[in-house]
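Engineer: The structure's right below; bear with me while I get my questions together.
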Amino acid sequence: MFEARLIQGSVLKKMIDAIKDIVTDINLDCSSTGISVQAMDSGHVCLVLIELGSDGFEPYRCDRNITLGLGLKALSVVVRCANNDDSITIKAQEGTDNINFVFESPNGEKTSQFEIKLMDIDSEHLGIPDTEYDSVVKMPSHEFQRICRDMSQLGDSIVVACTKDGIQFSASGDMGSGKINLRQSSLVDKEEDQINIELNDPVHLTFALRYLNYFTKATPLSPTVTLSLKAESPLCVTYPIGDFGSMKFFLAPKIDD
Amino acid sequence: DNSQTQLTHFFSKK
Numbered sequence: 008m009f010e011a012r013l014i015q016g017s018v019l020k021k022m023i024d025a026i027k028d029i030v031t032d033i034n035l036d037c038s039s040t041g042i043s044v045q046a047m048d049s050g051h052v053c054l055v056l057i058e059l060g061s062d063g064f065e066p067y068r069c070d071r072n073i074t075l076g077l078g079l080k081a082l083s084v085v086v087r088c089a090n091n092d093d094s095i096t097i098k099a100q101e102g103t104d105n106i107n108f109v110f111e112s113p114n115g116e117k118t119s120q121f122e123i124k125l126m127d128i129d130s131e132h133l134g135i136p137d138t139e140y141d142s143v144v145k146m147p148s149h150e151f152q153r154i155c156r157d158m159s160q161l162g163d164s165i166v167v168a169c170t171k172d173g174i175q176f177s178a179s180g181d182m183g184s185g186k187i188n189l190r191q192s193s194l195v196d197k198e199e200d201q202i203n204i205e206l207n208d209p210v211h212l213t214f215a216l217r218y219l220n221y222f223t224k225a226t227p228l229s230p231t232v233t234l235s236l237k238a239e240s241p242l243c244v245t246y247p248i249g250d251f252g253s254m255k256f257f258l259a260p261k262i263d264d
Numbered sequence: 016d017n018s019q020t021q022l023t024h025f026f027s028k029k
C-alpha cells in the first residue's frame with residue numbers, strides 16, 4: 008500500500024506545470040524515504056529530477072518500493088480539479104493498475120476522488136555524479152525568469168560567465184546583443200532577494216534559452232533559484248520545494264565546434 | 016558555431 012497526503016496540494020499543481028512542457032510521462036519512484044522522479048526530454052538535452060522527502064507528507068506510508076508510471080496529460084487534467092487550498096492524497100494499492108487522488112477542502116466539507124490508469128513507462132535512469140561546481144549562484148527566481156525571457160528576445164543561446172566581478176548573462180543575434188550583470192548583494196532586507204555568488208573558478212558556458220525558459224516555469228515553486236556551473240559540464244538549476252524537497256533541472260551545454 | 020550536446024555524453028546510464 009502506498010499513501011501520501013500533501014497538505015498544500017497547490018505544490019503538486021505547480022510541480023506539474025513546471026515539467027509538462029519538457030516530459031510527457033513520468034515514473035514516481037516511491038520508497039520509505041520519499042518520492043523521486045527522474046525524466047529526460049526526448050532529445051536527451053535536459054533532465055528533471057524531483058526529490059520529495061517523506062516528512063513533507065502527513066501521513067506517508069510506503070510498505071514496499073513501488074514505481075508508479077503516469078502520463079502528465081492525465082495528471083495535469085486531474086490536479087487542475089483541485090482547489091489551491093485543498094490537500095491532495097495519492098493512493099495506490101499493490102497489484103492494481105490505477106492510482107487514486109483524493110482532494111479535501113480545509114474544512115473537510117468537500118472531498119473529490121479521481122482515478123488515473125497507471126502506465127508502464129520505459130525510462131532510462133542516468134547516474135548523476137556528485138559534482139564540485141566552479142561557481143554556485145543563488146538569486147531571486149523571478150530575476151532569473153526575467154533574464155531568460157529578456158535574453159531570448161535577442162538570440163537562441165545565452166552565455167553565462169562567472170568571474171570575481173559577478174555573473175554575466177549575454178545573448179546576441181541578428182538584431183543586436185545584450186548583457187546583464189549581477190553582483191553579490193551587500194545589504195538586502197529579505198534573504199530571498201539576496202544574490203549570493205560562490206566562486207571557486209571562473210566559468211564560461213553557453214546554453215540554449217529554449218530549455219531555460221521551460222525551467223523557469225518552476226518559478227512559482229520557490230522565491231529563490233540556484234545555478235550550479237562547471238566548465239564543459241551540464242548546468243544544474245535548483246528550485247527548493249518547501250523544506251522537504253527540490254526540483255532540479257540539468258541542461259547539457261552548447262560547445263564550440 | 017556552437018552545437019548542442021546531450022546529457023548522455025556527461026552522465027552514464029544506470
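Taken in order, these protein sequences are the chains called A and B.
Counting in the working numbering, the first sequence runs from 8 upward without gaps.
Counting in the working numbering, the second sequence runs from 16 upward without gaps.
Every residue, glycine too, gets a C-beta built ideally from N, C-alpha and C.
Because the structure is a prediction, the values reported are computed rather than measured.
#1: Kindly confirm or deny that the stretch 227-241 of chain A and the stretch 28-43 of chain A touch, where touching means at least three C-beta pairs closer than 8 Å.
#2: I need the DSSP call for residue 241 of chain A, collapsed to helix, strand or coil.
#3: What residues match up with residue 169 of chain A in a beta bridge as DSSP calls it?
#4: Can residue 18 of chain A be considered in contact with the ligand GTP, in the sense that its beta carbon sits closer than 7 Å to one or more heavy atoms?
#5: At 7 Å on the CB atoms, spell out the chain B contacts of residue 47 of chain A, in chain order.
#6: Enumerate in chain order the residues of its own chain whose CB-to-CB distance from residue 207 of chain A is below 6 Å, with the five nearest sequence positions on each side excluded.
#7: Helix or strand or just coil, what does DSSP make of residue 88 of chain A?
#8: Apart from the five residues just before and just after residue 91 of chain A, which ones in its own chain have a Cβ nearer than 6 Å to its Cβ?
#9: DSSP puts residue 256 of chain A in a beta bridge; with which residues?
#10: At a CB-CB cut-off below 7 Å, which residues of chain B make contact with residue 210 of chain A?
#11: Measure the alpha-carbon distance for residue 164 of chain A versus residue 70 of chain A and round it to whole angstroms.
#12: So for residue 100 of chain A, helix, strand or coil by DSSP?
#13: Under the DSSP definition of a beta bridge, which residues are partnered with residue 118 of chain A?
#14: Might you give, ordered along the chain, the residues of its own chain that have their beta carbon closer than 8 Å to the beta carbon of residue 252 of chain A, omitting 5 neighbours on each side?
#15: From this set, A:219, A:81, A:172 and A:184, which residue's C-alpha is nearest residue 161 of chain A's C-alpha?
#16: Among the residues of its own chain, which have a CB less than 7 Å from the CB of residue 111 of chain A, if the five just before and after it don't count?
#17: Give the list of continuous beta strand (DSSP E) stretches no shorter than 3 residues that lie fully inside the stretch 187-231 of chain A.
#18: Who are the neighbours of residue 52 of chain A on chain B, taking C-beta pairs under 9 Å?
Structural biologist: Taking the geometry as given:
#1: no
#2: coil
#3: A:174 and A:210
#4: By its list of ligands, the structure shown contains no ligand whatsoever, and the ligand GTP lies outside what it can speak to.
#5: 22
#6: 141
#7: coil
#8: 17
#9: A:55 and A:244
#10: Residues of chain B passing the Cβ test: none, with the nearest at roughly 15 Å.
#11: 46 Å
#12: coil
#13: A:111
#14: 41, 57, 58, 59, 60 and 63
#15: A:184
#16: 93, 94 and 118
#17: 203-206 and 210-215
#18: 19, 20, 21 and 22
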